[in-house]
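Okay, structure first, notes after.
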Amino acid sequence: MTRVVLKEVTKRFEDVVAADRVTFQVEEGELFTLLGPSGCGKTTTLRIIAGFEMPDYGRIFFDEADVTFKKPYERGCAMVFQNYALWPHMSVYENIAYGLKLRKLPKSEIDKRVKEVLRLVGLEGLENRHPLQLSGGQQQRVALARALVIEPKVLLLDEPLSNLDAKLRLRMREELKSLQKELGITTIYVTHDQEEAMSISDRIAVMRKGRILQIGSPIKVYMDPTNLFVATFIGRSTLLRGIVEEVSGRRVKFKVGAFTLDGRIAEGFNMKKGERAVAVIRPEDFSIEFKKASNVIDGTVKLTMFLGPFMQAKVKIGSQDISAYLDPELKLKPGEHIRLYIDPDDVVIFPAEGWEELEFEA
Amino acid sequence: MMKEGRNLKSRFKHLFFYLDLTLLTQMMIPLFIFFIFLIGPLATVLYVAFQYNPLNILRDPTFLSFNPQGQLVFMAKRYFRGEWVNIIIFRGVSYGVIFNSLANAFFVTICSSILGVIIAFILARYEFPGKILFRVLATVPLLMTPFINAFVIKKLFDWRDGLISFFINDVLNLPYRVGIESLAGVAVTQIMTFFPIIYLNVFSSMVNVDPSLEEQAESLGARGFRLFRTITLPLSLPGLAAGSAIVFIFSLEDIAAPIVFNERRFISYQIFSRFIEATTGQLSPVAATLAIILLTLALLAFAGIKEYVSLKQYAMLSRGGRWKVRISKPGKKGLIAIYAFVLPFLLFTAFPQIGVFIYAFSQEWSGPLPKGFTLDNLSRIVIDPLVSRAIINSLSYSIVAVTMIAFIGLSASYVIARAKIPGLHLMDLLVTSPIALPGLVIAVGYFYFFSTFFAGTILDPVRTGPYFLLMFAYTVRRLPFTARAVFAGLQQVHVALEEASLNLGASRLRTLVFIVIPLIGLNILSGALISFVYCMSEVSTGVTLGGLGGISEGHQAPITFIMMDYLNRIRGPHIVASLGVLLISIQLTVIFLVNFAFKQKYAYIGV
Numbered sequence: 000m001t002r003v004v005l006k007e008v009t010k011r012f013e014d015v016v017a018a019d020r021v022t023f024q025v026e027e028g029e030l031f032t033l034l035g036p037s038g039c040g041k042t043t044t045l046r047i048i049a050g051f052e053m054p055d056y057g058r059i060f061f062d063e064a065d066v067t068f069k070k071p072y073e074r075g076c077a078m079v080f081q082n083y084a085l086w087p088h089m090s091v092y093e094n095i096a097y098g099l100k101l102r103k104l105p106k107s108e109i110d111k112r113v114k115e116v117l118r119l120v121g122l123e124g125l126e127n128r129h130p131l132q133l134s135g136g137q138q139q140r141v142a143l144a145r146a147l148v149i150e151p152k153v154l155l156l157d158e159p160l161s162n163l164d165a166k167l168r169l170r171m172r173e174e175l176k177s178l179q180k181e182l183g184i185t186t187i188y189v190t191h192d193q194e195e196a197m198s199i200s201d202r203i204a205v206m207r208k209g210r211i212l213q214i215g216s217p218i219k220v221y222m223d224p225t226n227l228f229v230a231t232f233i234g235r236s237t238l239l240r241g242i243v244e245e246v247s248g249r250r251v252k253f254k255v256g257a258f259t260l261d262g263r264i265a266e267g268f269n270m271k272k273g274e275r276a277v278a279v280i281r282p283e284d285f286s287i288e289f290k291k292a293s294n295v296i297d298g299t300v301k302l303t304m305f306l307g308p309f310m311q312a313k314v315k316i317g318s319q320d321i322s323a324y325l326d327p328e329l330k331l332k333p334g335e336h337i338r339l340y341i342d343p344d345d346v347v348i349f350p351a352e353g354w355e356e357l358e359f360e361a
Numbered sequence: 000m001m002k003e004g005r006n007l008k009s010r011f012k013h014l015f016f017y018l019d020l021t022l023l024t025q026m027m028i029p030l031f032i033f034f035i036f037l038i039g040p041l042a043t044v045l046y047v048a049f050q051y052n053p054l055n056i057l058r059d060p061t062f063l064s065f066n067p068q069g070q071l072v073f074m075a076k077r078y079f080r081g082e083w084v085n086i087i088i089f090r091g092v093s094y095g096v097i098f099n100s101l102a103n104a105f106f107v108t109i110c111s112s113i114l115g116v117i118i119a120f121i122l123a124r125y126e127f128p129g130k131i132l133f134r135v136l137a138t139v140p141l142l143m144t145p146f147i148n149a150f151v152i153k154k155l156f157d158w159r160d161g162l163i164s165f166f167i168n169d170v171l172n173l174p175y176r177v178g179i180e181s182l183a184g185v186a187v188t189q190i191m192t193f194f195p196i197i198y199l200n201v202f203s204s205m206v207n208v209d210p211s212l213e214e215q216a217e218s219l220g221a222r223g224f225r226l227f228r229t230i231t232l233p234l235s236l237p238g239l240a241a242g243s244a245i246v247f248i249f250s251l252e253d254i255a256a257p258i259v260f261n262e263r264r265f266i267s268y269q270i271f272s273r274f275i276e277a278t279t280g281q282l283s284p285v286a287a288t289l290a291i292i293l294l295t296l297a298l299l300a301f302a303g304i305k306e307y308v309s310l311k312q313y314a315m316l317s318r319g320g321r322w323k324v325r326i327s328k329p330g331k332k333g334l335i336a337i338y339a340f341v342l343p344f345l346l347f348t349a350f351p352q353i354g355v356f357i358y359a360f361s362q363e364w365s366g367p368l369p370k371g372f373t374l375d376n377l378s379r380i381v382i383d384p385l386v387s388r389a390i391i392n393s394l395s396y397s398i399v400a401v402t403m404i405a406f407i408g409l410s411a412s413y414v415i416a417r418a419k420i421p422g423l424h425l426m427d428l429l430v431t432s433p434i435a436l437p438g439l440v441i442a443v444g445y446f447y448f449f450s451t452f453f454a455g456t457i458l459d460p461v462r463t464g465p466y467f468l469l470m471f472a473y474t475v476r477r478l479p480f481t482a483r484a485v486f487a488g489l490q491q492v493h494v495a496l497e498e499a500s501l502n503l504g505a506s507r508l509r510t511l512v513f514i515v516i517p518l519i520g521l522n523i524l525s526g527a528l529i530s531f532v533y534c535m536s537e538v539s540t541g542v543t544l545g546g547l548g549g550i551s552e553g554h555q556a557p558i559t560f561i562m563m564d565y566l567n568r569i570r571g572p573h574i575v576a577s578l579g580v581l582l583i584s585i586q587l588t589v590i591f592l593v594n595f596a597f598k599q600k601y602a603y604i605g606v
């Protein structure tokens, strides 16, 4: 088992900074995810760890060993590529045995280990097929088997599930997680799908524009985002602009139009009275309220969309629109006036700086 | 200062992170070969040309003259074979060697473009019975039969014994005999030979135009010629630009037509004729000056169309057709026009290759019609020691060259496609440039460079003969075909396939051998076969450097030199035609293998 450490890893392509002082430590046996939108530098970071790119600055360590300038074939990590990269001119068996042959293992040993790993990924009996004769899910498993069979120090997964259809993706996600825990291989996982990241990871690093914004367990980054981008990128959220009316400790009174909401200041920030701010609220944290008079806002339903477990309503509050997941039983109709309640703990207040950019990206 | 040093150090570190020993070797060997066998010789030509005042040549009326010589059309009434006939002979006007080459190249390019675009448009946009025959006929002139196809054309337009005059005067009984000679003969020969290059390029562009673009214009009301002029032609411009640049350069450096028509007033002939005296070990510096002019004109042609095409595009043309191409049925008038004009035209332009077969299988063809069937000519190419020697020479030079081409082409293309180091586009340019470089310039360069700096060695063309140089000339000149085929193959292979191998612990060399080569094997093979065909029929260095060893038993000259040399011997055309048949067979075999057996899509661009 290996610990992976990145120190200040920086990589620039022409005028784009793909990795900006990326620093983190992946513990032995941990499943660590790099999460972010496309172009955030997560794949570049993974490729630097694999040795396909050289950082302009910074160091990479596998345990105590500095591998920054090692060639890919000297690193002993195994990568599963987004498009699987199965060699079409080789059978499943040959694909998987390739790495073992390079390690000059005796034929009987190779045979044994290929059989073993095929059983592990549930592909017994398909040794002689060629990759093009396999379904997407099967190809995915072969790619995984090919990486696992060499017992790598580190397993690198580059969006491994993104080419699968929705149902299969959920199944493979579970399988991948249980396999990783069973084998205890240090794993670095790259994805742009925040739900996938949350479900599979021990810890997540959220990246944007080459920088790591927050590292933490899925629950931590979901509950306590330390950054407006993280707050909006992880899970669904809706933004309300307003002004800080009163501060007491970590609690604030936040004024939106004619209403005042109680909320809490996001971790790592301090707020002053009169400051412009943005409240981040999860759509599922709204509820329709008829009686309560505190922490409510009034709005008009603009549009409703039925999503199964709940009704997504677009609600106009003053000059702003928010999204709320409400009870479908209510049978809301556009034009109806409603009053929404939010628990003060669910109203997370960030400084307003940079919110326009996020609106635009969304 | 400190910063500078660190920068340099980090740059080196960067370079060596991405370059392993395999990649480094793959980069250095092609560069070394190109340095010795292309850059060095070209630099020497420049040096020699500028040692003398190159502008002198412009003051020499042989090369540039404002007093035109000769007349465009010669007309006379003559008593010929028992009757009075009107003789009309097209000859052309000469303004000196340099102007002639340039004017001829422009004229040929424009005529070929017009013909090529018309044929391409008809074949790309209309469906009619027998279309496949039209498409085959239109590409027949691209079958390379050096010298002998021009010889057939000359014969066709001979006012005494030509088929055309025979048809007008003897069959139709009209009192006219028509001939085409000298400058005009060269132009007509080149147009008939080169227009399919335009046709293929434009055709490929047209079938690659997204049909919805034309449909959109149609739905807005554009029809007929307006649609063609405003949408179809502009969208096919890259193909037209690529094709016309090639035709322009091919016309400039064509040596076969001027030799056959005995027309000395072209740059190519002037360079060629100076090689005849070069067996003594001296090559007139005028050859260097002319070579530089040729080179400059060729490069200007490319600079002119740079906007539309890159060198990459045409060494290998995709024959395209990803969409369902828009094809309509011509109306009645259109159909009549196609059968009454296009078909005869294509039959006419395919006639030189047909004529090659007639020569090869006939006992005699000195009058208008051939006489007697024989296989004797074919057997002569085996029996005649000079001819059979030339075949063996060409085969062995080509095989050696293609082996080197496969290795260098794979190496260079792999580096260009995969290495992550700056400046690779220069290497790309270097490897593809020979396609734009006239072979005569390379021949002149080799002569000066190797007889000066490598005097007395195996590379000295005067002392040891040209065989070694020919192999390298073939290698450099025909490399682009393989390099592009390999590059195209590499673009189909996702980099991740190689990275997966490196990642599992395979070295670069191992990855190359076990992953890359198996995946692009057919591309390498196809490219090598195409290069082979072009080596076998290589003319420019073959007829210049190739003759330096002299022609006697056990000579070193290639097929093309013998084809030129035998043209004026007794029964010569029949033997040359037999060699033409041999070359056509090789070409058809390769076309079949590449297109149907390997299912690779490369079109041939010509001579």
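Protein chains in written order, with numbering that gives the first Met the number 0: chain R, 0 to 361; chain X, 0 to 606.
Don't be surprised by glycine CBs; every beta carbon is placed ideally from N, CA and C.
Bear in mind that the values here come from a model prediction, so they are computed numbers and not experimental data.
Not one beta carbon of chain X lies nearer than 7 angstroms to the beta carbon of R/HIS336. For R/LYS176, the enclosing alpha helix (DSSP H) stretches over residues 165-182.
Annotation for X/ALA42: the continuous alpha helix (DSSP H) segment containing it runs 39-50. Under the three-state reduction of DSSP, X/ALA418 is assigned to coil, being neither helix nor strand.
Contact between the segment 124-133 of chain R and the segment 83-90 of chain R is present: 3 or more CB-CB pairs across the two stretches fall below 8 angstroms. Secondary structure within the segment 152-187 of chain X: the beta strand (DSSP E) runs of 3 or more consecutive residues, fully enclosed, are 175-179 (chain order). When secondary structure is reduced to three states using DSSP, R/ILE316 falls in the strand class.
Only exposed fits X/ILE391, as fewer than 16 other CB atoms lie within 10 angstroms of its CB.
Under the three-state reduction of DSSP output, R/TRP354 falls in the helix class. Across the segment 99-115 of chain R, CB contacts with chain X closer than 8 angstroms involve LEU101 and ARG102, in sequence order along the chain. The DSSP assignment places no complete beta strand (DSSP E) segment of no fewer than 3 residues inside the segment 580-604 of chain X. Fully enclosed alpha helix (DSSP H) runs of no fewer than 4 residues occupy 55-58 of the segment 46-123 of chain X, in order along the chain. At least one CB atom of chain R sits nearer than 7 angstroms to the CB of X/PHE16. Between X/ALA418 and X/LEU22, the C-beta spacing is below 7 angstroms. Interface flag for R/HIS191 against chain X is unset, since no Cβ pair is found closer than 7 angstroms. Excluding sequence positions up to five before and after R/GLN213, its CB lies within less than 7 angstroms of the CB of VAL205, VAL220, PRO224, THR225, ASN226 and VAL229, all in the same chain and listed in chain order. Across the segment 391-420 of chain X, CB contacts with chain R closer than 9 angstroms involve LYS419, in sequence order along the chain. Shown in chain order are the members of the segment 491-513 of chain X whose Cβ falls below 9 angstroms from a Cβ of chain R: HIS493, VAL494, ALA495, LEU496, GLU497, GLU498, ALA499, SER500, LEU501, ASN502, LEU503, GLY504, ALA505, SER506, ARG507, ARG509, THR510 and PHE513. One Cα belongs to X/PRO572, the other to X/TYR358, and the distance between them is close to 7 angstroms. For the options R/VAL120, R/LYS70 and R/GLY248, the alpha carbon positioned closest to that of R/GLU181 is the one of R/VAL120.
In this structure, X/ARG77 is the residue among X/ARG77, X/MET403 and X/ILE152 with its C-alpha nearest to the C-alpha of X/ARG176. Contact with chain R is found for X/HIS13, since one of that chain's Cβ atoms lies less than 7 angstroms from the residue's Cβ. For the C-beta of R/ASN82, the chain X residues within less than 8 angstroms are, from N- to C-terminus, HIS493 and ALA495. Interface flag for X/PRO465 against chain R is unset, since no Cβ pair is found closer than 7 angstroms.
Per DSSP, X/GLN25 lies in no beta strand (DSSP E); the unbroken alpha helix (DSSP H) holding it starts and ends at 20-33.
Looking at the DSSP output, R/ALA204 shares a beta bridge with R/LEU33 and R/ILE214. By the CB criterion at 7 angstroms, X/ILE407 and X/PRO40 fall outside the cutoff. DSSP places R/LEU325 in the strand class (E or B) of the three-state scheme. For X/PRO517, the nearest CB of chain R lies under 7 angstroms from its own CB, placing it at the interface with that chain. DSSP links R/ASP297 through a beta bridge to R/ARG338. Where R/GLY241 is concerned, the enclosing beta strand (DSSP E) starts and stops at 237-247. With the rule of 3 Cβ pairs closer than 8 angstroms, the segment 198-216 of chain X does not count as touching the segment 152-162 of chain X.
Assigned with DSSP and collapsed to three states, R/CYS76 falls in strand. The criterion of a C-beta distance shorter than 7 angstroms is not satisfied by X/VAL461 and X/ALA290. Using a CB distance cut-off of 7 angstroms, R/HIS88 counts as an interface residue toward chain X.
Annotation for X/VAL492: VAL515, LEU518 and ILE519 place their beta carbon closer than 8 angstroms to its own, counting only its chain and skipping 5 residues before and after.
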